[in-house]
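Worksheet: one structure, shown below.
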Amino acid sequence: DVKVTQSSRYLVKRTGEKVFLECVQDMDHENMFWYRQDPGLGLRLIYFSYDVKMKEKGDIPEGYSVSREKKERFSLILESASTNQTSMYLCASSPLLAGGQETQYFGPGTRLLVL
Amino acid sequence: DQQVKQNSPSLSVQEGRISILNCDYTNSMFDYFLWYKKYPAEGPTFLISISSIKDKNEDGRFTVFLNKSAKHLSLHIVPSQPGDSAVYFCAADSIGGSNYKLTFGKGTLLTVNP
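Structure follows, in structure tokens:
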């Protein structure tokens, strides 16, 4: 079974704090992703990485950065947390398949509240 | 511009009946489609997928139908159970390119009443 773990299930931070969300997968997947989920907006891609030290912006990268120093670990960084970053953050991973059609596997999510 | 649309934000059905969740897409390059189920405070769980070379895929109580000409897919759950109550997301993947990412719909909240 694919396992994707996230460092925290719930997190409360203050406006302006730097926030680190960690994600680890144990299936040697090449691709890793960070999404946020908000009511009525579905899943929105923040950043993704298809290899170590490689990253690409998703649909809503503003206010976020990422780090992928090791294949199994993908970190999301909120440089200066703001209240509009209160959300459910979801990490996912998928293998790199020659023909595409990769299934993404998600972690349990981190519910972040920024006060 | 939303390329994957789930036009029903919510759906309510009786236990034992059929649940039909719908999804429309606009990008003709999409060739692989997935359904995910999500409970509150948990991550989405992969449910079932279908490749564009097929028009139907079945897994137990779950069947996905794909109508390429209409750019429409649907997820049928028969019979529906209260434990199926969750948000269901439709997602699509496109052929080739450098696009490793899935495009998700906004989700449909399914409530199965006992």
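Residue numbers (the working numbering), protein chains in the order written: chain A, 1 to 115; chain B, 1001 to 1114. Quick reminder that beta carbons are idealized off the backbone N, C-alpha and C, glycines included.
Residues of chain A with a Cβ closer than 8 Å to the Cβ of Lys-1101 of chain B are, in chain order, Phe-33, Leu-45, Phe-48 and Gly-58. For the pair Asn-1067 of chain B and Gly-1083 of chain B, the Cα-to-Cα distance works out to about 28 Å. The shortest CA-to-CA distance from Leu-78 of chain A to any of A:Leu-97, A:Lys-18, A:Thr-5 and A:Ser-7 is the one to A:Lys-18.
At a Cβ-Cβ threshold of 7 Å, Leu-45 of chain A and Tyr-89 of chain A do not count as neighbours. Secondary structure note for Ala-1086 of chain B: its beta strand (DSSP E) is the uninterrupted segment 1086-1094. The three-state secondary structure of Gly-63 of chain A, taken from DSSP, is coil. Listed as beta-bridge partners of His-29 of chain A by DSSP are no residues whatsoever.
For Val-66 of chain A and Asn-84 of chain A, the gap between their C-alpha atoms comes out near 18 Å. Chain-ordered listing is empty here: chain B has no CB closer than 9 Å to the CB of Arg-36 of chain A, the nearest sitting near 12 Å.
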